[in-house]
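Each residue of the sequence shown is one higher than the one before, counting from 163 in the numbering used here. Ideal Cβ positions, reconstructed from N, Cα and C, are used throughout, including at glycine. Quick caveat, the model's predicted, so the values are computed rather than measured. Structure record follows, encoded as structure tokens.
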Amino acid sequence: MSLKLDKSPTFSGRQGPLLFIIMDGVGLAPAGPGNAVHVAKTPNLDRLLSSGLGVALDPGKQQQAAIEPTAQLLAHGPAVGLPTEQDMGNSEVGHNALGAGRIFEQGAKLVNKELDSGALFQSELWNEIEAQGKSGHTLHFIGLLSDGNVHSHINHLFAMLRRSAEQGVKRVRIHALLDGRDVLQRSALDYLKPTEDLMAELNAQYGCDYRIASGGGRMKVTMDRYESDWEMVKRGYDAHVHGIGRYFDSAIEAVEILYDENPGRGDQYLDSFVVVDEGGEPVGRIQDGDAVVLFNFRGDRAIEISRAFEERDFDKFDRGQALEVLYAGILQYDGDLQIPKRYLVEPPAIDRTLGEYLCTEQVSSFAISETQKYGHVTYFWNGNRSGYICEQLETYVEIPSDRIEFDQAPKMKAYEITDKTIELLRSGIKFGRLNFANGDMVGHTGVMEAAVEAVETVDECVGILLGEVKSLGGIAVVTADHGNADEMFTEKNGQRIVKTSHTLNPVPFVIVDPLYQGEYTMAKTAHPGLANVAATLLNLLGYQAPEDYESSLIEFV
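See the structure below:
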């Protein structure tokens with residue numbers, strides 16, 4: 163299909179730039195003490211959400227504007243390609259939808275289909291994995307042990323454990339990464355105990371030797387992303403492969419003791435642990451000849467550990483002698499770089515992204531965020547594609563993130579992103595996109611005071627950028643990719659329960675067009691979602707959207 167766009171017959175865009183601002187993790191929830199977005203002082207966001215289309219920066223133009231409510235966009239469940247309405251959105255699928263303009267079936271849904279149909283277990287690769295496990299070697303599963311359904315789902319692991327036992331794989335080891343981020347902050351035992359129960363059942367029924375061998379919190383071991391902290395990956399690799407870490411008799415004992423030693427510390431920040439036998443030896447080092455399956459389906463935090471297992475010339479840390487193992491991901495996490503080389507389920511094939519269309523039309527653009535979200539405005543936005551689409555037309559900027567727990571520095575790099583964005587806007591680039599990570603990354607810590615400061619920081623920076631866009635005669639579009647900071651805790655029986663996960667709430671969508679003269683109004687879209695944004699951005703740039711894109715959120719009058 164052609165990537166050529168037709169010009170709009172009624173609107174040619176503004177002379178200035180179009181800036182797309184993503185307030186990561188800033189959802190719309192009812193007012194309350196647990197809603198950091200509500201508690202925070204956010205004069206800019208308040209003004210945006212209470213004003214009509216096009217008048218947010220200039221109340222004097224209200225009489226000229228078509229007073230329409232700002233849109234609320236669905237950012238979870240089927241609206242972003244996830245299985246059910248109970249599946250919270252995330253930055254990966256959110257940016258896929260924003261950049262692609264269409265809804266693609268995503269990781270959880272794809273894996274569910276392959277497991278339900280049995281197709282995963284009929285694949286040549288799974289047969290090789292089973293054969294390796296039946297040849298006297300060990301089959302290892304590494305992944306996030308929870309039902310958060312953002313990076314993984316425990317049911318996928320359970321299905322593969324049952325299948326392995328039924329097919330005669332006698333020795334399995336699990337390397338359990340603890341969540342506390344997409345689920346309740348201290349819920350590890352809710353997943354470890356059922357896992358231990360299932361393994362005990364399989365061991366008794368099939369004469370197997372299935373055990374948990376190592377693990378640790380997801381923000382301490384294995385699951386780094388965007389090369390922010392390779393030491394995190396090293397700690398995980400050392401525990402999983404070399405048996406290096408603090409020794410415990412079981413994973414449950416490890417968590418219980420670490421809880422006692424670290425009051426208030428959530429699962430995601432627990433140190434690495436290694437399970438040992440009665441003689442004090444690690445029960446499950448990964449060794450030559452073994453098979454290893456990474457059962458996380460989301461890519462960003464699966465790439466680095468995959469590289470550590472697969473790359474022959476790996477140089478990010480000293481991993482010791484390179485292993486000869488059969489390594490597989492449940493999906494492929496980077497199609498361009500082919501990471502990993504082998505995988506069990508085909509990832510979504512996302513083509514004809516907004517970025518590709520703009521490059522074909524010779525529209526200059528930039529993408530900017532700090533390290534924690536840099537891949538979202540580049541890789542995920544571009545349909546899981548690494549690198550530039552057209553380096554002559556695109557500018558990608560990464561601001562290095564701090565390597566600390568984000569509640570300790572809630573401002574993160576928002577001001578640095580703002581300053582650089584202003585520089586890029588003034589350079590004459592036509593379209594820019596940026597992600598403020600604060601609402602999400604600080605929201606995940608569960609620290610209410612820090613989340614409030616994070617949201618206030620983003621609000622201030624949004625105000626600065628809106629002023630800059632106005633001075634340049636452009637348009638700004640403000641939205642979010644999912645909720646998080648909008649629900650920091652819940653209350654049950656008079657007690658606060660800290661919530662560190664994303665939410666199911668809609669996200670705001672506001673067009674700020676200071677030169678608005680009533681040329682367009684908000685369309686009456688039945689169930690608007692993130693996938694409707696791409697067509698809207700094209701319209702605001704003066705183009706008609708591709709016919710198969712989700713409909714625009716605006717219509718011309």
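With DSSP run on the structure shown, which of helix, strand or coil describes residue i?
| i | result |
| --- | --- |
| residue 239 | helix |
| residue 587 | helix |
| residue 356 | helix |
| residue 397 | helix |
| residue 448 | coil |
| residue 597 | strand |
| residue 682 | strand |
| residue 632 | helix |
| residue 371 | strand |
| residue 379 | strand |
| residue 696 | helix |
| residue 515 | coil |
| residue 291 | helix |
| residue 539 | helix |
| residue 484 | coil |
| residue 256 | helix |
| residue 616 | helix |
| residue 582 | helix |
| residue 645 | strand |
| residue 453 | strand |
Taking residue i as the reference, which of the options has the closest Cα?
| i | options | result |
| --- | --- | --- |
| residue 563 | 634, 386, 639 | 386 |
| residue 558 | 188, 392, 595 | 595 |
| residue 253 | 263, 237, 442 | 237 |
| residue 463 | 695, 306, 191 | 306 |
| residue 714 | 611, 671, 659 | 671 |
| residue 513 | 584, 708, 457, 649 | 708 |
| residue 288 | 489, 571, 626 | 489 |
| residue 574 | 600, 593, 496, 286 | 600 |
| residue 634 | 607, 641, 334, 674 | 674 |
| residue 639 | 607, 676, 392 | 676 |
| residue 593 | 542, 647, 521 | 521 |
| residue 118 | 295, 650, 689 | Limits of the chain in this structure are 163 at one end and 719 at the other, which puts residue 118 out of reach. |
| residue 579 | 568, 561, 410 | 561 |
| residue 569 | 541, 587, 357, 650 | 650 |
Along the chain, where does the beta strand (DSSP E) that runs through residue i open and close?
| i | result |
| --- | --- |
| residue 208 | Premise fails: residue 208 lies in the alpha helix (DSSP H), 205 to 212, not in any beta strand (DSSP E). |
| residue 283 | It is not in any beta strand (DSSP E) - residue 283 instead sits in the alpha helix (DSSP H) that spans 281 to 284. |
| residue 657 | 657 to 660 |
| residue 185 | 180 to 185 |
| residue 560 | 556 to 561 |
| residue 654 | 651 to 654 |
| residue 408 | 408 to 410 |
| residue 527 | 527 to 532 |
Looking at the secondary structure, which residues open and close the alpha helix (DSSP H) in which residue i lies?
| i | result |
| --- | --- |
| residue 708 | First-last for residue 708: undefined, no H or E at that position. |
| residue 469 | 465 to 472 |
| residue 338 | Careful: residue 338 lies outside any alpha helix (DSSP H), inside the beta strand (DSSP E) at 333 to 340. |
| residue 267 | Looking at the DSSP string, residue 267 is not in any alpha helix (DSSP H), and its letter there is neither H nor E. |
| residue 419 | 413 to 423 |
| residue 319 | 316 to 328 |
| residue 191 | No alpha helix (DSSP H) contains residue 191, which DSSP labels as neither H nor E. |
| residue 302 | Looking at the DSSP string, residue 302 is not in any alpha helix (DSSP H); the run it does join, the beta strand (DSSP E), is 301 to 306. |
Any idea if residue i is buried or exposed, counting beta-carbon neighbours within 10 angstroms, 16 or more meaning buried?
| i | result |
| --- | --- |
| residue 589 | exposed |
| residue 531 | buried |
| residue 503 | exposed |
| residue 397 | buried |
| residue 280 | exposed |
| residue 658 | exposed |
| residue 299 | buried |
| residue 261 | buried |
| residue 607 | buried |
| residue 719 | exposed |
| residue 423 | exposed |
| residue 435 | buried |
| residue 291 | buried |
| residue 652 | exposed |
| residue 122 | Nothing in the structure corresponds to residue 122, since the chain is present only between 163 and 719. |
Can you list, in chain order, the residues of its chain whose CB lies under 6 Å from that of residue i, leaving out five sequence neighbours each side?
| i | result |
| --- | --- |
| residue 272 | 507 |
| residue 702 | 180, 637 |
| residue 517 | 544, 551 |
Using a Cβ-Cβ distance under 8 Å, would residue i count as near chain D?
| i | result |
| --- | --- |
| residue 718 | Here chain D cannot be found, since the structure has a single protein chain. |
Which same chain residues end up closer than 7 Å to residue i when comparing Cβ atoms and leaving out the 5 residues on each side of it in sequence?
| i | result |
| --- | --- |
| residue 310 | 341, 344, 345, 663 |
| residue 226 | With a pLDDT of 39 at residue 226, under the threshold of 50, the predicted position of this residue should be treated as unreliable, though the coordinate-derived value follows. Within the same chain, residue 226 has close Cβ partners 679, 680. |
| residue 597 | 184, 186, 531, 535, 538, 539 |
| residue 221 | The pLDDT assigned to residue 221 is 39, lower than 50, so where the model puts this residue is not dependable, and the model offers no usable value. |
Using C-beta distances below 8 Å, list every residue in its chain close to residue i, excluding the 5 sequence neighbours before and after it, in chain order.
| i | result |
| --- | --- |
| residue 349 | 308, 341, 342, 429 |
Can residue i be considered in contact with the ligand MN, in the sense that its beta carbon sits closer than 7 Å to one or more heavy atoms?
| i | result |
| --- | --- |
| residue 322 | The model depicted lacks the ligand MN and carries no ligand whatsoever. |
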